[in-house]
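Q: Under my numbering, think of the first position of the sequence shown as 13, with each following residue one higher.
The C-beta atom is built at its ideal place from N, Cα and C for all residues, glycine as well.
Here the structure is a predicted model, which is why all the values come from computation and not from measurement.
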Amino acid sequence: MKKENVYDNVLGTIGNTPLVRLNKITKDVGIEIFAKLEFFNPMGSVKDRIAKYMIEKAEKDGMIKDGQLIIENSSGNTAMGLALVAIQMGYKLKVIVRDRISKEKIDQLKALGVEIHLVDSSLPPESSNSYNNITPLIVEKTPDCYFPDQHNNRENNETHYKTTGPEIWNQMQGEIDYFIAGIGTGGTICGVAKYLKEQNPDIKVIAIDPVGSIFYDYFYFKKMVKPAPYLIEGLGDEFLIKCVDFTVIDDMYKVSDKTSFQYTRELVKQEGILAGGSSGAAIWGALKLAESLKKPARIVTIFPDSASRYLSTIFNDKWMKKKGFL
Ligand SMILES: Cc1ncc(COP(=O)(O)O)c(C=O)c1O
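1) Where does the unbroken alpha helix (DSSP H) through arginine 61 begin, and where does it stop?
2) What is the DSSP secondary structure of serine 290, reduced to helix, strand or coil?
3) Cβ atoms of isoleucine 220 and aspartate 263: under 7 angstroms apart, would you say?
4) Could you please give me the residues that DSSP links to cysteine 157 through a beta bridge?
5) Would you kindly work out how many angstroms separate the C-alpha atoms of valine 339 and proline 137, rounded to a whole number?
6) Name the DSSP bridge partner or partners of histidine 129?
7) Can you name the start and end residues of the beta strand (DSSP E) that glycine 194 belongs to?
8) Is the Cβ-Cβ distance between threonine 197 and tyrosine 65 less than 7 angstroms?
9) Closer than 6 angstroms to a non-hydrogen atom of ligand 1 - does that hold for the CB of glycine 297?
10) In terms of DSSP beta bridges, what is threonine 313 paired with?
11) Please confirm whether glycine 297 and phenylalanine 273 have their CB atoms less than 7 angstroms apart.
12) Measure the C-alpha to C-alpha separation of aspartate 119 and threonine 29 and round it to an integer number of angstroms.
13) Check the DSSP bridge columns for leucine 34 and list the partner residues they point to.
14) Enumerate in chain order the residues of its own chain whose CB-to-CB distance from proline 54 is below 7 angstroms, with the five nearest sequence positions on each side excluded.
15) Can you round the beta-carbon distance between leucine 34 and isoleucine 43 to whole angstroms, since I take them to be within the 8 angstroms contact cut?
16) Measuring CB atoms only, is the stretch 225–242 touching the stretch 305–312, in the sense that at least three cross pairs come out at less than 8 angstroms?
17) Are the Cβ atoms of lysine 36 and glutamate 283 separated by less than 7 angstroms?
18) How many Å lie between leucine 243 and phenylalanine 327 at the Cα?
19) Relative to the alpha-carbon of threonine 325, which residue among Lys48, Asp78, Arg112 and Gly74 has its alpha-carbon at the smallest distance?
20) Is proline 316 near ligand 1, judged by its Cβ being under 6 angstroms from some heavy atom?
21) Provide the residue span of the alpha helix (DSSP H) that contains proline 222, from first to last.
Structure below.
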């Protein structure tokens, strides 16, 4: 008899996350909205999927050797996924993170024994020490390391094309009209979108980009705007990156920090779902979309991580007041 829910190691618990119908927060719009709860992954985010996939692929392709150092830049979640993979598969890990990421993420990375390189997030994007520019420089100067490069390596998208997309399609038994999700590296939305559109080209895909990021203006006007600082973690960017595939996106919404964080709190109040700030952006977007629809539809979205990473920020009244969000 096959043992149910028993795994050879913790990596086996990545993926196959639950999809839940939201019933209360949706009551005024009369449209069905389902959310895939990615904080059910062992390190608590959607990024566990790409960490496992990219390193297994690197092993298969002979790109990485036993015990080698992995270097990656991350808003924290990929770093945690890679930390798990590194421990299980026998690698070392150094991560480049912005100093504005939550204290909870830094503390968890420290608990996982990860070497952390903090980047001053007030540096202009063009500075050689900025988050995007410094990583390839560190990689270049470090002999014998492996750089998965989640922002430009399409294996990121491939992960979601092969796992998250088919999971959603099967869980919904093909009954999906819209897929809406935040866009960071683009891996999640573009990988899922490609898979879903191959099953049914009528499915529409909407991305959510934070105010301050450059994707929205490029998508609509092919214009590169000057980026501005914002606080939502994991979404948006200051540069165009290779994992963002605009061809599979039909529409894009722009969301502010304040709206995202207020909706993150609403999710807890109304649904009891303790999710992170980008999930607040996702539900805001899904509700905005639902309000614009004239006939019944099924919307699927993604909640990438958990509130436990933002207790000192989004769920802290003092911090929210200080930032003008309450
Ligand atoms: C909390 C959070 N939400 C959303 C995303 C966006 O996912 P993706 O990078 O696949 O676009 C990320 C990415 O880091 C994230 O950390």
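A: A quick look at the data gives this:
1) Along the sequence shown, one-based indexing puts residue 61 at 49. Start and end: 59–72.
2) What you label residue 290 is simply residue 278 of the sequence shown in a count that begins at 1. Here serine 290 sits in helix by DSSP.
3) Counted from its first residue, the sequence shown places residue 263 at position 251. Counted from its first residue, the sequence shown places residue 220 at position 208. Taking 7 angstroms as the Cβ cut-off, aspartate 263 and isoleucine 220 do not qualify as a contacting pair.
4) Stepping through the sequence shown from its first residue, residue 157 is reached at position 145. Leu81.
5) Nothing can be reported for residue 339: it is not among the residues displayed for the chain, which extend from 13 to 338.
6) Here residue 129 refers to the residue found at position 117 of the sequence shown. For histidine 129, which the question treats as bridged, DSSP gives the partners Ile108.
7) Along the sequence shown, read from residue 1 onward, the residue named residue 194 stands at position 182. Run containing glycine 194: 190–194, per the beta strand (DSSP E) assignment.
8) Reading the sequence shown from its first residue, position 185 is the one you call residue 197. Reading the sequence shown from its first residue, position 53 is the one you call residue 65. The answer is no: Cβ separation not under 7 angstroms.
9) Numbered from 1 along the sequence shown, position 285 holds the residue referred to as residue 297. No, ligand 1 has no heavy atom inside 6 angstroms of this Cβ.
10) In the sequence shown, counting from the first residue as 1, residue 313 sits at position 301. Its beta-bridge partners are Ala47 and Ile192.
11) Your numbering for residue 297 matches position 285 in the sequence shown. Your numbering for residue 273 matches position 261 in the sequence shown. No, these two residues do not count as a Cβ contact at 7 angstroms.
12) Numbered from 1 along the sequence shown, position 107 holds the residue referred to as residue 119. Numbered from 1 along the sequence shown, position 17 holds the residue referred to as residue 29. Approximately 25 angstroms, taken between the alpha carbons.
13) Stepping through the sequence shown from its first residue, residue 34 is reached at position 22. Answer is Ile45, bridged to leucine 34.
14) Counting from one through the sequence shown, the residue named residue 54 turns up at place 42. So the qualifying residues of the chain are Val22, Thr25, Ile26, Asp60 and Leu96.
15) Locating residue 34 in the sequence shown gives position 22, counting from the first residue. Locating residue 43 in the sequence shown gives position 31, counting from the first residue. That pair is no contact at about 10 angstroms.
16) no
17) The residue labelled residue 36 in the question sits at position 24 within the sequence shown. The residue labelled residue 283 in the question sits at position 271 within the sequence shown. Result yes, Cβ atoms of lysine 36 and glutamate 283 sit closer than 7 angstroms.
18) Along the sequence shown, one-based indexing puts residue 243 at 231. Along the sequence shown, one-based indexing puts residue 327 at 315. Straight-line Cα distance between these residues: approximately 14 angstroms.
19) Walking along the sequence shown from the start, residue 325 turns up at place 313. Of Lys48, Asp78, Arg112 and Gly74, the residue nearest in Cα terms is Arg112.
20) Sequence index remark: in the sequence shown, residue 316 carries index 304 (1-based). Proline 316: yes, Cβ under 6 angstroms from ligand 1.
21) As a first step, residue 222 must be located in the sequence shown, where it is residue number 210. Not the alpha helix (DSSP H): proline 222 falls in the beta strand (DSSP E), residues 216–222.
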